[in-house]
Amino acid sequence: MLKRPTTIASMVPAVPSDLEFESVVMDLCVVLDDSDCVFEIGGFGQSEWPVDVRYDLSTFMEQLPEALERIRSGFPAEIDLYGQGIERSLRFEVDGDFVNVSCVSRTNWIPDPDIETIDLSKLLAMLESISVEFAESLRLIWPRAAAVAPFVNWLR
Numbered sequence: 006m007l008k009r010p011t012t013i014a015s016m017v018p019a020v021p022s023d024l025e026f027e028s029v030v031m032d033l034c035v036v037l038d039d040s041d042c043v044f045e046i047g048g049f050g051q052s053e054w055p056v057d058v059r060y061d062l063s064t065f066m067e068q069l070p071e072a073l074e075r076i077r078s079g080f081p082a083e084i085d086l087y088g089q090g091i092e093r094s095l096r097f098e099v100d101g102d103f104v105n106v107s108c109v110s111r112t113n114w115i116p117d118p119d120i121e122t123i124d125l126s127k128l129l130a131m132l133e134s135i136s137v138e139f140a141e142s143l144r145l146i147w148p149r150a151a152a153v154a155p156f157v158n159w160l161r
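Going by my numbering, the letters in the sequence shown line up with residues 6 to 161, in that order.
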């Protein structure tokens, strides 16, 4: 879940450092980290994962376009939250109208269960909601950058 900010720090750069996708994502996450933006992930026996906006949201968003494309096409996908402290991967396997999501931890934390099944349409709605909230946050802070793909597509 991603909740866009209602307040933004006053010391925001006029534009992101560059309009490349990864740069915009990283720059925006730095700005969002200084706001009241909320990023939450839970599941696999832990209702609230130890994620943050600055690093973990950036990592998640950088991988989201490819993951969404692969899931929509029925192919396996992965989002690797490799940041120190979280260090776990989500692997998505489409099975008809459902998706089996497995969680692999690289820390002492053990997911229980390690596989959860979710309705494909529900998963897509969840991931698309995150992309829209991110793009809306970007449009609020840097409208010019929000007009670049894939952000502009997320706003439709």
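From the three backbone atoms N, C-alpha and C, an ideal C-beta is built for every residue, glycine too.
Remember, predicted model here, so these are calculated numbers, not experimental data.
What does a CB cutoff of less than 6 Å around residue i pick up in its chain, not counting 5 residues either side in sequence?
{"i": "D102", "result": "L125"}
{"i": "F156", "result": "A140 and L143"}
Which residue's Cα is closest to the Cα of residue i: the options?
{"i": "F44", "options": "Q89, T64, F156 and I123", "result": "T64"}
{"i": "L69", "options": "P10, P118, V35 and E138", "result": "E138"}
{"i": "L7", "options": "I46, G79 and I115", "result": "I46"}
{"i": "R59", "options": "S52, A154, D38 and N158", "result": "D38"}
{"i": "W114", "options": "S134, A140 and Q51", "result": "Q51"}
{"i": "L132", "options": "A152, L62 and L24", "result": "L62"}
{"i": "D100", "options": "G79, R111 and V29", "result": "G79"}
Given a cut-off of 9 Å on the beta-carbon distance, is the pair residue i and residue j in contact?
{"i": "E67", "j": "A82", "result": "no"}
{"i": "I123", "j": "V36", "result": "no"}
{"i": "P55", "j": "I91", "result": "yes"}
{"i": "L160", "j": "R149", "result": "no"}
{"i": "I84", "j": "L128", "result": "no"}
{"i": "L153", "j": "V30", "result": "According to the sequence displayed, residue 153 carries Val and not Leu. Not closer than 9 Å, so no."}
For residue i, which of helix, strand or coil comes out of DSSP?
{"i": "R111", "result": "coil"}
{"i": "I165", "result": "Because the chain is modelled from 6 through 161, residue 165 falls outside the range shown and cannot be assessed."}
{"i": "D124", "result": "strand"}
{"i": "L33", "result": "helix"}
Who are the Cβ neighbours of residue i in its own chain at under 7 Å, not counting the five residues just before and after it?
{"i": "E98", "result": "P81, V104 and N105"}
{"i": "E121", "result": "G48, F49 and V106"}
{"i": "E53", "result": "E45 and G47"}
Please give me, in chain order, every unbroken run of the alpha helix (DSSP H) with length at least 4 that falls completely inside the region 50-121.
Complete alpha helix (DSSP H) runs here, min 4: 63-77.
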